[in-house]
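Student:
Residue numbers (the numbering used here): 455 to 1120.
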């Protein structure tokens, strides 16, 4: 798969980006890892656009939602300081090189964010005076330095700017002599092997042909096809090239003759094609990395298992041998005792070891028992080596034959104890191998088949909310700030406003559209009670009241003060008594993905069959969210289960009132 964008790719992507992001305001800037930046932009139409820049590789718009680090690196913080809330005035490619530039106006100053998309790459922030303010990587080089405070210099030109290349300059290619034309084009134009080969294929020139043997017609064909490729950048027809196995081989801004044998999938924009291509590449890399980790662990465990099994065989053989020796000693107890005593008696009588051995060996030659069992003596170890029925073993001369047999049986017993421990260890290793295999299989099932697409948030999603069983939108504050915003900015005269009869309650609003939704009133009351402090206090029921918006005022009685998020209620309150504190949390399929929803049981059960109920309890939100996810997976189909288990815990936690609770069995 393609690793990094070519100069043609960058030209096409930048051409599109000029239309997409010029005039956009920079919102948040994230550094996803050491090399990847994500810029959240809002274009003049109010649309949010995510621009992804990876040093040494790529620049394109992305629709995907990437995990962001909790603590931004210092480089990211520096970019935020200088660029956030700035306006993108221009986006360009430097001299058809693999270098992109964003020109950003911020606070009356103009900055350039330069991305070098070749080799290891770099991202450099250049200030109004062409001074380097910050860089992803600082380094000294023979032709330039990337150091803070120094003037920014572009790297030496790697090739010609094809957009301004004349036919006369192309004829100079013949001056490369015997060098293959494909290598000469790569050096001369700096376009990389892919497009050098494409130019030659379109020109019908053998890529191995020496430059000096090019004809005038072939040089003219080269010139024509180079210009044709350049013109195609402006009238792009983005393509993804796919092989017979369905693998994505490459992506290009227009069809390539080099890939004429592959399947072609056309895309609406080249930025979209790049986004899809690199998303697949990232997922493939993650899966392969994860697989490699598991394979290494399994290989290591198998080596351990092999050593354990070899050790077991060795010990089992030893036990067998020691028992056989013990049995042999007992079956020849009298003869062996006679030999031991004879050796020791003759030694006590002053005979030398060699003399004793010599006498016994002569008797052995004459087949005199029990000398026939004799093999040798070891004076240093005080042992007698014998051989019975081909089994050779040592006897301790300081012990009787019976004591020697007992020693061998004892050694067999001790090794038997080791064997039992080793057998247990082998079982544990086998279990560990199976567990790792199961984890790998589970990881493959749970592995994301795609990077999550960034969800477009509706205006009410900054609050707590649900759709009632009658189809009405019900919105609740999350805290004092959102209570204030909800009442002041989003409450209309025909809405209904709820509050629990306890301090620490959210304000909840039904968007009635001028109707009287009776079922929704009860559902909104339960929603209000459940997300109030009553949940934290462990109450099972709570009284809730509702009023009209004109009864809600920010004006306190004379001499009193209303803190942020608090309001005065004037006039009669309409009570809903003994409201049960209970919330249903479930999942609902939207746009080929599951979305977590939460609210009163009647409302949630109308939208999905996959839900669980929770009530006040002492289980922490993290643990409870995991149990909820598991419960949702268990009541879903096998096809849905893996997808539900991939839902981030945080999405479920967001619906748990005041951070605690328990799954309700009622």
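Ideal placement from N, C-alpha and C gives every residue a C-beta, glycine not left out.
1) Express the C-alpha separation of residue 783 and residue 856 in angstroms, rounding to a whole number.
2) Which term fits residue 846, buried or exposed, when burial requires 16 or more other beta carbons within 10 angstroms of its beta carbon?
3) Tell me the rounded alpha-carbon separation between residue 976 and residue 1081.
4) Between residue 795 and chain B, is the shortest Cβ-Cβ distance under 8 Å, so that the two count as touching?
5) Taking the alpha-carbon positions, what's the residue 554 to residue 1089 distance?
6) Based on the DSSP secondary-structure assignment, which residues constitute the bridge partners of residue 850?
7) According to DSSP, simplified to helix, strand and coil, what is residue 690?
8) Measuring alpha carbon to alpha carbon, tell me which of 785, 974, 718 and 563 ends up nearest residue 923.
9) Give the C-beta separation of residue 917 and residue 932 to the nearest angstrom, bearing in mind that I take them to be a contact with Cβ-Cβ under 8 Å.
10) Which residues in the same chain as residue 1027 place their Cβ atom closer than 7 Å to its Cβ, once the five residues preceding and following it in sequence are excluded?
11) Compute the Euclidean distance between the alpha carbons of residue 470 and residue 544, then round it to the nearest angstrom.
12) Quick check: the Cα distance between residue 506 and residue 725, rounded to an integer number of angstroms?
13) Would residue 903 be called buried (16 or more neighbouring beta carbons within 10 Å of its own) or exposed?
14) Starting from the Cα of residue 1057, find the closest Cα among 1041, 475 and 587 and give me that residue.
15) How big is the Cα-Cα spacing for residue 705 and residue 759?
16) Taking the beta carbon of residue 747 as the centre, do at least 16 other beta carbons fall within 10 Å, making it buried, or is it exposed?
17) Are the segment 989–999 and the segment 1069–1088 in contact at 8 Å, needing three or more beta carbon pairs?
18) At what residues does the beta strand (DSSP E) containing residue 719 begin and finish?
19) Since residue 664 sits in a beta bridge, which residues does DSSP pair it with?
20) With a CB to CB cut of under 6 Å and the five nearest residues on each side skipped, what residues in its chain are close to residue 721?
21) If we ignore side chains and look at the alpha-carbon of each, how far apart do residue 594 and residue 583 end up?
22) Quick check on the DSSP output: what are the complete alpha helix (DSSP H) runs of length 4 or more inside the segment 760–824, in order along the chain?
23) Nearest-angstrom Cα distance between residue 879 and residue 885?
24) Give me whichever residues DSSP pairs with residue 919 in a beta bridge.
25) Could you name the residues of the same chain whose beta carbon sits closer than 8 Å to that of residue 532, not counting the 5 residues immediately before and after it, in chain order?
26) Taking one C-beta from the segment 660–671 and one from the segment 605–621 each time, how about it: are there three or more such pairs within less than 8 Å?
27) Nearest-angstrom Cα distance between residue 475 and residue 530?
28) Quick one: any contact between the segment 763–770 and the segment 868–875, if contact means 3 or more CB pairs under 8 Å?
29) Can you give me the C-alpha to C-alpha distance between residue 1064 and residue 1004, rounded to a whole angstrom?
30) Pull up the distance between the alpha-carbon of residue 821 and that of residue 865, whole angstroms please.
31) Put residue 703 into one of helix, strand or coil per three-state DSSP.
32) Roughly how far, in whole angstroms, is the beta-carbon of residue 807 from the beta-carbon of residue 833, given that I think they are within contact range, below 8 Å?
33) Measure the CB-CB distance between residue 928 and residue 951 and report whether it falls below 8 Å.
34) In its own chain, which residues sit with a C-beta less than 7 Å from the C-beta of residue 576, not counting the 5 before and 5 after it?
35) Helix, strand or coil: how does DSSP classify residue 890 here?
36) Is the beta carbon of residue 676 closer than 8 Å to that of residue 696?
Tutor: The short version:
1) 7 Å
2) exposed
3) 28 Å
4) No chain B appears in the structure shown, which is made up of a single protein chain.
5) 50 Å
6) 837
7) coil
8) 974
9) 6 Å
10) 999 and 1001
11) 12 Å
12) 10 Å
13) Caution is warranted here: a pLDDT of 48 is assigned to residue 903, below 50, making its placement in the model unreliable, and no coordinate value can be reported.
14) 1041
15) 46 Å
16) exposed
17) yes
18) 717–720
19) 634
20) 692 and 727
21) 21 Å
22) 787–802 and 807–819
23) 10 Å
24) 929
25) 579, 587 and 588
26) no
27) 20 Å
28) yes
29) 39 Å
30) 32 Å
31) strand
32) 5 Å
33) no
34) 509, 570, 589, 590, 591 and 600
35) helix
36) no
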